[in-house]
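Structure first, commentary second.
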Amino acid sequence: MKNSASWGVIAIALLSTTAQSADKSLVDSSFFKDSQAEISLKNYWKYLKDDADIAKPQEIHSAWGQGLALGYQSGYLADILGVNLDYYSAVKLGASDAFNSRGVLYNNKLNDGKDNAAGFSKIGQRYIKLKGEVGGATLNAQWGWQTLRDYGVISRSTRLSPSSYLGWSGGATRAGLSFRGAYIERSMARNSPESLRLQTNDGRVIGHLATAELGYKNDLFNGQLAYGESQDYLRRQILRLAFSPDEKLTLGSQIYTTQALDGYQAMALSKRHFDRNANHYAFDAKWQEPRWNLKLGIAHTRAGALGFYPRHMTKDSRGTFTSMANVEAYMADGETMLGMEAEYRMTPEFTAGLLGTYGQFDYQGARVRLGEINAFGRWTPSHHKLKNLTVLAIVGPGWSYKHQNNTPVIADGRYQTSHSLAAEFIAEYRFKLF
Numbered sequence: 107m108k109n110s111a112s113w114g115v116i117a118i119a120l121l122s123t124t125a126q127s128a129d130k131s132l133v134d135s136s137f138f139k140d141s142q143a144e145i146s147l148k149n150y151w152k153y154l155k156d157d158a159d160i161a162k163p164q165e166i167h168s169a170w171g172q173g174l175a176l177g178y179q180s181g182y183l184a185d186i187l188g189v190n191l192d193y194y195s196a197v198k199l200g201a202s203d204a205f206n207s208r209g210v211l212y213n214n215k216l217n218d219g220k221d222n223a224a225g226f227s228k229i230g231q232r233y234i235k236l237k238g239e240v241g242g243a244t245l246n247a248q249w250g251w252q253t254l255r256d257y258g259v260i261s262r263s264t265r266l267s268p269s270s271y272l273g274w275s276g277g278a279t280r281a282g283l284s285f286r287g288a289y290i291e292r293s294m295a296r297n298s299p300e301s302l303r304l305q306t307n308d309g310r311v312i313g314h315l316a317t318a319e320l321g322y323k324n325d326l327f328n329g330q331l332a333y334g335e336s337q338d339y340l341r342r343q344i345l346r347l348a349f350s351p352d353e354k355l356t357l358g359s360q361i362y363t364t365q366a367l368d369g370y371q372a373m374a375l376s377k378r379h380f381d382r383n384a385n386h387y388a389f390d391a392k393w394q395e396p397r398w399n400l401k402l403g404i405a406h407t408r409a410g411a412l413g414f415y416p417r418h419m420t421k422d423s424r425g426t427f428t429s430m431a432n433v434e435a436y437m438a439d440g441e442t443m444l445g446m447e448a449e450y451r452m453t454p455e456f457t458a459g460l461l462g463t464y465g466q467f468d469y470q471g472a473r474v475r476l477g478e479i480n481a482f483g484r485w486t487p488s489h490h491k492l493k494n495l496t497v498l499a500i501v502g503p504g505w506s507y508k509h510q511n512n513t514p515v516i517a518d519g520r521y522q523t524s525h526s527l528a529a530e531f532i533a534e535y536r537f538k539l540f
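Remember, our numbering sits 106 above the position in the sequence shown when you count from 1.
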């Protein structure tokens, strides 16, 4: 018995020493040593006054919120396995009766008008990440809730928090060549804490969205060919190219083609953006100087009798779309769009610029014209206490057409002009915890 007890004490001591050693080894591992945590505070106000809807003489859509983001990125255990966690919250500071979320605040639909606007909190990203190297190729994979930016046909959008998706993604890169793929089943909007199944425009569930992308990049060329499909709903192909023949000049082109599948064609006409096929073609050129840059673009859309190119693959996802025709109004069937972006760094801390867009298309014999111009200023102070602060303000007028259910109202061969005023203010401060 004495010998048995002695061996028991020795075994417990050995296990304790081993556990302490393992704990110390884990704490000292790159999983914790290479971890990073960051806090972001963002104040966001978005405003739009317009009279485009014939049934509503004038509406003001505005939302104002204060956001907090706390992000944690681990290092890699055994140089293979890690985790990422991101928490987001938003507080309502103000909203108009027709706030329409503005992508900033949550619409709880519990009350009327501006009382629908509410803040929210959520863990928007929580995923396991893997990395490795095989035959000179760098591999990566993620599983869980994650944001995906221009990942095949999927992308994200951010206000006080980014849109995110539940699923897996991963890829491989070698010598400038890359391959990526993703498979998602649920989404969270940028202004909502709700985890939703992917849906059609009329609210039916879509099982999944899958995409793949092949890319190549070097000092002169950057290109991606992507394919994606939302199950039995939409199928899409995207070709994006950028060529830099000079260190100051970049030429870019994008081609987007989308086909309606059975689930899309089964919807009522009022829920569809187009009939069977919708294509969008874009070209842009950018000139970059040390203190200023100028970007010009042109785009054209063909979308059949019903009319618009749809940027997004499902109701609750965001689609990859880098054309300068960045809103649906400039992607009507037969519409040609001209875009301009110009900015000048007036001081090391302050940059000012202009954004302009013009579009036109023919409808029932009338030439419909629309456009907008916005002035912006961006301040990034260099003082060491404020070096992580960015303040951005944008404001400008626009003109478009009166519509009923998004269809231009034509009388005596002419359309009725509508007017708008848009503004946006963002102040964001980021700092690292460790």
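By construction, the Cβ of each residue, glycine as well, lies at the ideal position given by its N, Cα and C atoms.
Cut-off 8 Å between Cβ atoms - residues of its own chain near Arg-397, not counting five sequence neighbours on either side
On the sequence shown, residue 397 is found 291 positions in, with the first residue counted as 1. For Arg-397, where only same-chain residues beyond five positions count, the Cβ hits under 8 Å are Tyr-450, Arg-451.
So, at 6 Å on beta carbons, what are the nonlocal neighbours of Ala-533 in its own chain, with the 5 sequence-adjacent residues on each side left out?
Here residue 533 refers to the residue found at position 427 of the sequence shown. Result list for Ala-533: Asn-149, Val-497, in chain order.
With H, G and I counted as helix, E and B as strand and the rest as coil, what does DSSP make of Gly-309?
Your numbering for residue 309 matches position 203 in the sequence shown. Three-state DSSP puts Gly-309 in coil, outside helix and strand.
Residues in the same chain with beta-carbon distance under 8 Å from Ala-161, minus the five sequence neighbours each way, listed in chain order, please.
Mapped onto the sequence shown, residue 161 falls at position 55. Here the set comprises Gln-510.
Does Gln-337 come out as helix, strand or coil in the three-state DSSP assignment?
Start at 1 with the first residue of the sequence shown, and residue 337 comes out as number 231. Three-state result, Gln-337: coil.
Run of the beta strand (DSSP E) containing Lys-237, from where it starts to where it stops
For this step, residue 237 is matched to residue 131 along the sequence shown. Counting along the chain, the beta strand (DSSP E) containing Lys-237 begins and ends at 226-240.
Answer yes or no: do Phe-482 and Leu-461 have a C-beta to C-beta separation smaller than 8 Å?
Looking up residue 482 in the sequence shown gives position 376. Looking up residue 461 in the sequence shown gives position 355. For Phe-482 and Leu-461, yes; Cβs fall inside 8 Å.
Apart from the five residues just before and just after Ala-388, which ones in its own chain have a Cβ nearer than 6 Å to its Cβ?
Counting from one through the sequence shown, the residue named residue 388 turns up at place 282. Only Gln-360, Ala-405, Ser-429 meet the Cβ criterion.
How close, in whole Å, do the beta carbons of His-379 and Pro-351 come, if the pair is a contact with beta carbons under 8 Å?
Within the sequence shown, the letter at position 273 stands for residue 379. Within the sequence shown, the letter at position 245 stands for residue 351. Contact doesn't hold; Cβ gap of about 36 Å is too wide.
Candidates Trp-485, Glu-447, Met-443: which alpha carbon is nearest Thr-457's?
Indexing the sequence shown from 1 puts residue 457 at position 351. If we check each option's Cα against that of Thr-457, Trp-485 comes out closest.
Please go through the same chain and pick out, in chain order, the residues whose beta-carbon is closer than 6 Å to the beta-carbon of Phe-137, but skip the five residues on each side of it.
Position 31 of the sequence shown holds residue 137. Answer for Phe-137: Ser-180, Gly-181, Leu-183, listed in chain order.
So Lys-198 packs on Ala-224, CB below 8 Å; how close in whole Å?
Against the sequence shown, residue 198 aligns to sequence position 92. Against the sequence shown, residue 224 aligns to sequence position 118. Distance from Lys-198 to Ala-224 at the Cβ level is roughly 6 Å; contact confirmed, criterion being Cβ atoms closer than 8 Å.
What would DSSP say about Glu-534, mapped onto helix, strand or coil?
Stepping through the sequence shown from its first residue, residue 534 is reached at position 428. Looking at Glu-534 - three-state DSSP - the assignment turns out to be strand.
Give me the Cβ distance between Ala-438 and Thr-407, rounded to the nearest whole Å; I'm assuming they're in contact under 8 Å.
Taking the sequence shown and counting its residues from 1, the one referred to as residue 438 is at position 332. Taking the sequence shown and counting its residues from 1, the one referred to as residue 407 is at position 301. Yes, Ala-438 and Thr-407 are in contact; Cβ-Cβ is about 6 Å, under 8 Å.
Does any C-beta atom of chain D lie closer than 8 Å to the C-beta of Pro-454?
Among the chains in the structure shown there is no chain D, since it carries only a single protein chain.
Cutting at 8 Å between CB atoms, please list the residues of its own chain near Ala-117, excluding the five before and the five after it.
Residue mapping note: residue 117 aligns to position 11 of the sequence shown, counting from 1. Only weak support is given to the placement of Ala-117: the predicted model assigns it a pLDDT of 41, under 50, and the value that follows is read from those uncertain coordinates. Here the set comprises nothing.
Per DSSP, Leu-476 is paired with what?
For the purposes of this step, residue 476 is taken as the residue at position 370 of the sequence shown. The partner list for Leu-476 (beta bridge, DSSP) reads Gly-465.
Using CA coordinates, which residue listed in Trp-170, Gly-413, Tyr-271 is at the minimum distance from Ser-293?
Sequence index remark: in the sequence shown, residue 293 carries index 187 (1-based). Among Trp-170, Gly-413, Tyr-271, the Cα nearest to that of Ser-293 is on Tyr-271.
Buried versus exposed, by CB contacts within 10 Å (16 or more), Asp-390:
Taking the first residue of the sequence shown as position 1, residue 390 is located at position 284. Asp-390 should be labelled buried.
Flag this pair as touching only if the region 324-332 and the region 289-309 have three or more C-beta atom pairs under 8 Å; answer yes or no.
no
CB-CB under 6 Å to Tyr-521, same chain, minus the five flanking residues each way: which ones, in chain order?
Your numbering for residue 521 matches position 415 in the sequence shown. Excluding sequence neighbours, Tyr-521 sits near Ala-472, Val-474, Tyr-507, Pro-514.
Proximity of Leu-236 and Asp-422 at Cβ, strictly below 8 Å
Position 130 of the sequence shown, counted from the start, is the residue given in the question as residue 236. Position 316 of the sequence shown, counted from the start, is the residue given in the question as residue 422. No, they are not a contact pair.
Please report how far the alpha carbon of Asp-192 lies from the alpha carbon of Phe-537, in whole angstroms.
Here the question's residue 192 lines up with position 86 in the sequence shown. Here the question's residue 537 lines up with position 431 in the sequence shown. Taking the straight line joining both Cα atoms gives about 15 Å.
If you count every other CB in all the chains shown that lies within 10 Å of the CB of His-489, and 16 or more means buried, which is it?
On the sequence shown, residue 489 is found 383 positions in, with the first residue counted as 1. It is exposed - the Cβ of His-489 has fewer than 16 other Cβ atoms within 10 Å.
Alpha carbon to alpha carbon, how far is Thr-463 from Glu-478? Give it in angstroms, no decimals.
The residue labelled residue 478 in the question sits at position 372 within the sequence shown. The residue labelled residue 463 in the question sits at position 357 within the sequence shown. If you draw a straight line from the Cα of Glu-478 to the Cα of Thr-463, it is about 5 Å long.
Mapping DSSP to helix, strand and coil, what is Phe-327?
Translated into the one-based positions of the sequence shown, residue 327 becomes position 221. Here Phe-327 sits in strand by DSSP.
In the region 141-225, which residue ranges form an unbroken alpha helix (DSSP H) of at least 4 residues, counting only runs that do not cross its ends?
none
Let me know the alpha helix (DSSP H) ranges lying completely inside the region 359-428, each 4 residues or longer, listed in chain order.
At a cut-off of 4 residues, the continuous stretches assigned as alpha helix (DSSP H) that sit fully inside the region 359-428 are 368-371.
Which value, in whole angstroms, describes the spacing of the CA atoms of Thr-364 and Val-259?
For this step, residue 364 is matched to residue 258 along the sequence shown. For this step, residue 259 is matched to residue 153 along the sequence shown. Spanning the two alpha carbons is a distance of roughly 11 Å.
Excluding the five sequence neighbours on either side, which residues of its own chain have a C-beta within less than 6 Å of the C-beta of Gly-173, listed in chain order?
Residue 173 sits at position 67 when you count from the first residue of the sequence shown. The residues are Lys-148, Ala-196, Leu-266.
Starting from Phe-137, trace the alpha helix (DSSP H) in both directions and tell me its first and last residue.
Your numbering for residue 137 matches position 31 in the sequence shown. Residues 136-139.
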